[in-house]
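Inspection log for the structure reproduced underneath, given as C-alpha cells.
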Amino acid sequence: MAYDHSTNSLEEYWIPFTDNKGFKADPRLIVSGSGNYMTNHQGGRVIDGSSGLFCSPAGHAHPKIVEAVHETMKELTYVAAFGTSHPLSFALASKLAGILPEEINHVFFVNSGSEAIDTALKMVMAYHAANGQDRHRFVSRERAYHGVNIGGVSLSGLMNNRKTFPSVMPNIVMMRHTWDEAELFVQGQPEGRGVELANDLQRAVDTFGGQTIAACFVEPVAGSTGVLNPPKGYLERLREICDAEGILLVFDEVITGFGRIGGKFAADVFGVTPDIMTMAKALTNGSIPMGAVAVKDSIYEVITDSAAPGAIEFFHGYTYSGHPAACAAGLASLSLYEEDGLLEQAAALSPYFLEAAFSLRDHPLVKDIRGIGSLVGVELHAGAAPGARGGQCQKDLFWNGMHVKFTGDAGILAPMFIAEKSHIDEMIGKLRLTLDGLS
Ligand SMILES: Cc1ncc(COP(=O)(O)O)c(C=O)c1O
690 MAYDHSTNSL EEYWIPFTDN KGFKADPRLI VSGSGNYMTN HQGGRVIDGS SGLFCSPAGH
750 AHPKIVEAVH ETMKELTYVA AFGTSHPLSF ALASKLAGIL PEEINHVFFV NSGSEAIDTA
810 LKMVMAYHAA NGQDRHRFVS RERAYHGVNI GGVSLSGLMN NRKTFPSVMP NIVMMRHTWD
870 EAELFVQGQP EGRGVELAND LQRAVDTFGG QTIAACFVEP VAGSTGVLNP PKGYLERLRE
930 ICDAEGILLV FDEVITGFGR IGGKFAADVF GVTPDIMTMA KALTNGSIPM GAVAVKDSIY
990 EVITDSAAPG AIEFFHGYTY SGHPAACAAG LASLSLYEED GLLEQAAALS PYFLEAAFSL
1050 RDHPLVKDIR GIGSLVGVEL HAGAAPGARG GQCQKDLFWN GMHVKFTGDA GILAPMFIAE
1110 KSHIDEMIGK LRLTLDGLS
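Each number in this note's numbering corresponds to the 1-based position in the sequence shown with 689 added.
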C-alpha cells in the first residue's frame, strides 16, 4: 500500500528527536507493519532491525494483541484511574509480579519510560520521607539515558539531551560511564574495571555522606548510548554500597526488560536485585503506550504504612495509569512471550545474531561493537561532526530497506524475538552494504 504524502501537509507535525527540516524535505514514512517487516510510503519493504525503538519483540501488528485490545475496547474504553480501577489492571500487575524478582511484587502503572523514571524518583523521595530521613541527593551516570521528563533529564548523562534545558533538578552526582577504549569488540560483560568504576558511588558517599544520598539510578546495560555492558563485578559492587549506606538501587529496565538481553530482566541475567525497577516498551510489545514501576514489598509497605488510615498514601498518578487498552495489550504480550516461548527463541538465536553483528568489525568505518542477548551497539568512527555519519547511515539504511535506531554514531540493533537466521543475515547484509556506501 503506497501512501501519497504529497496530498497531505507534513508541516504541522513537529516530529520528536528528528531533524524536522531534513525529514520534511526527504520524508521517511511507514504505513504498515507485520512481523519483522514494515512498508514505507513508496511501497518498499523495510526490515525492522531495532524492533521499532526496542519495543516490539513479538513483531508488528501481532493478531493476538490486536484482538485483545479490540475486545477490551468494545467493552471498556476508560475507567477513572484514581479511586476506582478495573480488573485488567490487577490482572496485569499480578502477572508482572509473577515474572519479576521474588521480592518485587508491587507495580505502579504509567504511560512511558520517562514517566516511569519520574515516578521512581518520587517513590524514592516518599520512601525516605516515610522513614524520616532527609536524603536529597541522587546518583546517576555519564552516558545515561532515562527519558525526557525533567527527572529523567536531570539524571541524563548525554550532553545533547541536557544542554538546552538548564532548569533541572539540583543535587545530582554523576558516576563515570563504563565504556573502556582498551576493551573493544567485547561480547557480554567486559572484564574491565567493574569494582573500580562502581566505587564512584563510594566516592560520592565519602564526599557527601551516604545519609544524604537517596538513590542510585542505572541502566544495567546502558542502551541508548550504544549498548554499554556493565563490567564484571560492577552491579554487584553498586548493590553492596547501596546496602551499606541505605541508598536505594534503581534499575532502569526500559530496554533490558522482557528478554532483550537474554533473561527475563537484567536483574536475572546479572543476578543483582534492585530495590526499584522501571520498565516500558516491550511491556505491551510497543502496541499501546505503557510503562511500570515495580518496587520491593518493603518499599510499598513503608510508604503505605506511613499514611493515616483512610488517607491517600502516595500523591501521584496519571489519568491514563493502567488504561484498559494498555492492560489488555500488556496481558496479551506477556502471554504471548510465555506461550510462544519467545524469550527462549531469542536466547537461542542470540549467539548467531552476535556473531553476525560482530562480523562487521572488519569494516573501516566501525570503531567498536558491543552486545548481549538480542541487543548490539555498532559504533561508527565519527564523520564531519559527531553524529553526522550515524544520521546519514540511518537515512541510507531506510532507503536500502532497513530500520535501525541510531544515537549519535552508534546504531542499535535489536531484532524481533520472532526473527530467524535469514532475517539476521538480511540485516547484517544491508548494514554492510550501507556502510560501504558511506564516506
Ligand atoms: C533506559 C531508558 N529509560 C527511559 C526511557 C524513556 O522511555 P520513553 O521514551 O518511553 O519515555 C528510555 C527510552 O528509550 C530508555 O531507553
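Positions of the beta carbon are idealized from the N, C-alpha and C atoms, including for glycine. Here the structure is a predicted model, which means the values were calculated and not measured.
- Secondary structure within the region 1071 to 1128: the beta strand (DSSP E) runs of 3 or more consecutive residues, fully enclosed, are 1094 to 1096, 1099 to 1102 (chain order).
- Going by beta carbons, Gly1090 and Ala805 fall outside the 7 angstroms limit.
- Under the three-state reduction of DSSP output, Asn709 falls in the helix class.
- Taking a 10 Å sphere around the C-beta of Thr945, we find 16 or more other C-beta atoms and assign the residue as buried.
- Annotation for Ala969 indicates a beta carbon within 6 angstroms of some heavy atom of ligand 1.
- Considered as a whole, the region 894 to 977 harbours 902 to 907, 937 to 941, 965 to 968 as its complete beta strand (DSSP E) runs of no fewer than 3 residues, in chain order.
- Annotated three-state conformation of Phe779 is helix, per DSSP.
- Judged by DSSP secondary structure, Val735 falls within the beta strand (DSSP E) whose first and last residues are 734 to 737.
- Per DSSP, reduced to three states, the secondary structure at His730 is coil, with no helix or strand assignment.
- Note that the C-beta distance between Ile950 and Val991 is not below 7 angstroms.
- With contacts defined by Cβ atoms closer than 7 angstroms, Ile1061 and Arg1050 do not form a contacting pair.
- Secondary structure at Asn850: helix, using DSSP grouped into helix, strand and coil.
- Short of 6 angstroms from the beta carbon of Gly899, and not among the five residues preceding or following it, lie these beta carbons of its own chain, in chain order: Glu934.
- Per DSSP, reduced to three states, the secondary structure at Ile839 is helical.
- Each residue's CA atom was taken as its position, placing Met727 and Ser913 some 22 angstroms apart.
- By the neighbour-count criterion, in which a residue is buried when 16 or more other Cβ atoms sit within 10 angstroms of its Cβ, Gln822 is exposed.
- For the 7 angstroms CB-CB criterion, Arg851 and Val842 form a contact.
- Contact check for Cys744 and Gly975: beta-carbon distance about 3 angstroms, within the 8 angstroms limit, so the pair qualifies.
- In this structure, the alpha-carbon of Lys1094 lies about 17 angstroms from that of Gly711.
- Residue range 802 to 819 is occupied by the alpha helix (DSSP H) that includes Leu810.
- In terms of CA proximity to Leu1020, Ala757 leads the group Thr808, Ala903, Ala757.
- In this structure, DSSP gives Ile1001 a state outside helix and strand, which the three-state scheme calls coil.
- Around the CB of Tyr816, 16 or more other CB atoms lie within 10 Å, so the residue is classed as buried.
- Taking the CA atoms as reference points, Leu886 sits about 15 angstroms from Ala871.
- Remark: the shortest separation between the CB of Asp941 and any heavy atom of ligand 1 falls under 6 angstroms.
- In the DSSP assignment, Leu1064 falls within the beta strand (DSSP E) that extends over 1064 to 1069.
- When Cβ pairs closer than 8 angstroms are counted between the two stretches, the region 1009 to 1027 is seen to touch the region 766 to 783, the count reaching three or more.
- Approximately 11 angstroms separates the beta-carbon atoms of Ala1099 and Val1055; this is outside 8 angstroms, ruling out the contact.
- Here Val857 carries a coil assignment [DSSP, helix/strand/coil].
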